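Step one of this worksheet: look at the structure below.
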Amino acid sequence: MKTKITEMFGIEHPIIQGGMHYVGFAELAAAVSNAGGLGIITGLTQGTPEKLANEIARCKDMTDKPFGVNLTFLPSLAQPDYPGLVKTIIEGGVKVVETAGRNPAEVLPHLKDAGIKVIHKCTSVRHSLKAQQIGCDAVSVDGFECGGHPGEDDIPNFILLPRAADELEIPFVASGGMADARSLVAAMALGAEGMNMGTRFIATQEAPVHENVKHAIVAASELDTRLVMRPLRNTERVLNNDAVQRLLEKEAALGKDIQFDDIKEEVAGVYPKIMMEGDMEIGAWSCGMVAGLVNDIPTCQELISRIMTEAEDIIRQRLARVGA
Ligand SMILES: Cc1cc2nc3c(=O)[nH]c(=O)nc-3n(C[C@H](O)[C@H](O)[C@H](O)COP(=O)(O)O)c2cc1C
Numbered sequence: 198m199k200t201k202i203t204e205m206f207g208i209e210h211p212i213i214q215g216g217m218h219y220v221g222f223a224e225l226a227a228a229v230s231n232a233g234g235l236g237i238i239t240g241l242t243q244g245t246p247e248k249l250a251n252e253i254a255r256c257k258d259m260t261d262k263p264f265g266v267n268l269t270f271l272p273s274l275a276q277p278d279y280p281g282l283v284k285t286i287i288e289g290g291v292k293v294v295e296t297a298g299r300n301p302a303e304v305l306p307h308l309k310d311a312g313i314k315v316i317h318k319c320t321s322v323r324h325s326l327k328a329q330q331i332g333c334d335a336v337s338v339d340g341f342e343c344g345g346h347p348g349e350d351d352i353p354n355f356i357l358l359p360r361a362a363d364e365l366e367i368p369f370v371a372s373g374g375m376a377d378a379r380s381l382v383a384a385m386a387l388g389a390e391g392m393n394m395g396t397r398f399i400a401t402q403e404a405p406v407h408e409n410v411k412h413a414i415v416a417a418s419e420l421d422t423r424l425v426m427r428p429l430r431n432t433e434r435v436l437n438n439d440a441v442q443r444l445l446e447k448e449a450a451l452g453k454d455i456q457f458d459d460i461k462e463e464v465a466g467v468y469p470k471i472m473m474e475g476d477m478e479i480g481a482w483s484c485g486m487v488a489g490l491v492n493d494i495p496t497c498q499e500l501i502s503r504i505m506t507e508a509e510d511i512i513r514q515r516l517a518r519v520g521a
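Numbering (the working numbering), first residue to last: 198 to 521.
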């Protein structure tokens, strides 16, 4: 399937694996890219330029296909060395960067000068337009359904994607709630040039996370996510668990007076324990409503091939029949 996104990134299929903290390591990025999609290493999980350089090199050992690096700008306790990370990305010969969080104006000129394509992930039409205005090549439009940070507007993709299509001139992919061929074909019908998946890619053979995480996603239904940190305007969609219940109780009790320190125990530094050690109740971790559509743990190759084959069937058979 050829779209503006496959052409722009030099990939076979219009499927991107979004950056994911403590999930987006070289193993997953390479597996997605080898299967014809665009795999993405999560820059901040590596933390330092030296470690990121090593991860980029490891990914290059595992694939000769294009892959990207995610740079997330979110409120954090210690400010990462963004200039150093950008330098490493450029020196590592990475061809695509996925930015997220606040707008990437500061790093954009350096990336563009190096010939790197930048896809900015954001959760509203106005932020998408801003990304276009400052010179991003594409946008990943992340609907309210998404795992991670859906922003504060709460607009689901059935509205957000056609709104983006009406306003944007640069290509965009649909992100949030995407799991299968139906997602891809629907996203394309709504104006997207492909799709970005997070949660679905965690439940794959190659995702280098504890088996407990994969099984938790397969076991979860679409009813099992919760929104946390809304009073701090740093809303995150996470899988419900004991820590999330504790966190929500604190939010209810403290109301608008809540501070980050009050919920530190449930959110700060919990990812390694969850993703690496499989301690599923220790803290809040991002997960999309799309968990309700995830029922197996295939290889990335199986997943992407299945999506592309079934997408062709939907377009050539089901939709053609309806159109006749
Ligand atoms: C466990 C997890 C960690 C994530 N970490 C990041 C991150 O560090 N940076 C980022 O830009 N997005 C992050 N995301 C968001 C994904 O890249 C993607 O936009 C989102 O998962 C799409 O929604 P979906 O889960 O419904 O597919 C994360 C998502 C998950 C599930």
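All residues carry an ideal CB built from backbone N, CA and C; glycine is no exception. This structure is a prediction, so every number in the text was calculated from the model and none was measured.
Cα-Cα separation between Phe398 and Gln330, rounded to whole angstroms = To locate residue 398, count along the sequence shown from 1; it is residue 201. To locate residue 330, count along the sequence shown from 1; it is residue 133. C-alpha separation (whole angstroms): 31 Å.
Residue burial classification, Thr432 (beta-carbon count within 10 angstroms, cutoff 16) | Numbered from 1 along the sequence shown, position 235 holds the residue referred to as residue 432. Result: buried.
Near ligand 1: Leu241 beta-carbon under 7 Å from a heavy atom = As a working mapping, residue 241 is identified with position 44 in the sequence shown. Yes, the Cβ of Leu241 comes within 7 Å of a heavy atom of ligand 1.
Exposure of Ile253, with buried meaning 16 or more beta-carbon neighbours within 10 Å | Indexing the sequence shown from 1 puts residue 253 at position 56. Burial is judged here by how many other beta carbons sit within 10 angstroms of a residue's own beta carbon; Ile253 has at least 16 and is buried.
Report the three-state DSSP secondary structure of Thr245 (helix, strand or coil).
-> Reading the sequence shown from its first residue, position 48 is the one you call residue 245. In the structure shown, Thr245 sits in coil (DSSP, three-state: anything other than H, G, I, E or B).
Using CA coordinates, which residue listed in Asp310, Ala335 and Gly312 is at the minimum distance from Val322?
-> Along the sequence shown, one-based indexing puts residue 322 at 125. It is Ala335.
Specify whether the stretch 210 to 218 and the stretch 227 to 243 touch according to this definition: at least 3 beta carbon pairs, one from each stretch, less than 8 Å apart.
-> Segments in contact, yes.
Where do the ends of the beta strand (DSSP E) carrying Asn393 lie?
-> The residue labelled residue 393 in the question sits at position 196 within the sequence shown. First-last of the beta strand (DSSP E) with Asn393: Met392 to Met394.
Have a look at Gly281, Met198, Cys319 and Pro246 and flag the residue whose alpha-carbon is nearest the alpha-carbon of Pro353.
-> As a working mapping, residue 353 is identified with position 156 in the sequence shown. It is Cys319 whose Cα lies nearest to the Cα of Pro353.
Any non-hydrogen atom of ligand 1 within 7 Å of Met375 CB | Locating residue 375 in the sequence shown gives position 178, where the first residue counts as 1. Checking every heavy atom of ligand 1 against the Cβ of Met375, one is found closer than 7 Å.
Spatial neighbours of Lys470 within its chain, please: CB distance less than 6 Å, with the 5 preceding and 5 following residues excluded, ordered by chain position.
-> For this step, residue 470 is matched to residue 273 along the sequence shown. Closer than 6 Å at the Cβ level, and outside the excluded window around Lys470, lie Asp476 and Ile479.
With a floor of 4 residues, list each alpha helix (DSSP H) that falls wholly inside the stretch 211 to 262, ordered by position along the chain.
-> 223 to 231, 240 to 243 and 246 to 259
Go through its chain and collect everything with a Cβ distance to Pro263's Cβ below 8 Å, but skip five positions before and after it.
-> Mapped onto the sequence shown, residue 263 falls at position 66. For Pro263, where only same-chain residues beyond five positions count, the Cβ hits under 8 Å are Phe206, Gly207, Ile208, Ser230, Leu235, Lys292 and Val293.
Residue of Val315, Ala378, Arg299 and Leu387 minimising C-alpha distance to Glu499 | Working through the sequence shown from its first residue, we reach residue 499 at position 302. Checking every option, the nearest Cα to that of Glu499 belongs to Ala378.
Mind checking whether the beta-carbon of Ser483 lies closer than 7 Å to any heavy atom of ligand 1?
-> Within the sequence shown, numbered from 1, the residue matching residue 483 stands at position 286. Yes, since a heavy atom of ligand 1 falls inside the 7 Å radius drawn around the Cβ of Ser483.
CA-CA distance, Met385 and Asp459?
-> Position 188 of the sequence shown holds residue 385. Position 262 of the sequence shown holds residue 459. Distance between the alpha carbons of Met385 and Asp459: 42 Å.
CB of Cys343 to nearest heavy atom of ligand 1: below 7 Å?
-> Position 146 of the sequence shown holds residue 343. Answer for Cys343: yes, Cβ within range of ligand 1.
Are the Cβ atoms of Ala226 and Cys256 separated by less than 8 Å?
-> In the sequence shown, residue 226 corresponds to position 29, counting from 1. In the sequence shown, residue 256 corresponds to position 59, counting from 1. In contact: Ala226 and Cys256 (Cβ atoms closer than 8 Å).
Can you give me the Cβ contacts of Ala302 inside the same chain, cut-off strictly under 8 Å, excluding the 5 residues immediately before and after it?
-> Against the sequence shown, residue 302 aligns to sequence position 105. The answer, listed in chain order, is Ile331.
On the three-state DSSP scale, how would you describe Lys292?
-> Sequence index remark: in the sequence shown, residue 292 carries index 95 (1-based). Coil.
Out of Asp493, Ala404, Gln442 and His324, which has the shortest C-alpha to C-alpha gap to His218?
-> Stepping through the sequence shown from its first residue, residue 218 is reached at position 21. Nearest option by C-alpha distance: Ala404.
Please determine, among Ala450, Ser418, Ala449 and Leu451, the residue with the shortest C-alpha to C-alpha distance to Val435.
-> Within the sequence shown, the letter at position 238 stands for residue 435. Cα-wise, what sits closest to Val435 is Ser418.
Helix, strand or coil: which one does DSSP assign to Asn267?
-> As a position in the sequence shown, residue 267 is number 70, starting the count at 1. Reduced to three states, the DSSP call for Asn267 is strand.
Residue of Leu424, Ser380, Gly374 and Glu474 minimising C-alpha distance to Asn409 = By one-based count along the sequence shown, residue 409 stands at place 212. It is Glu474.
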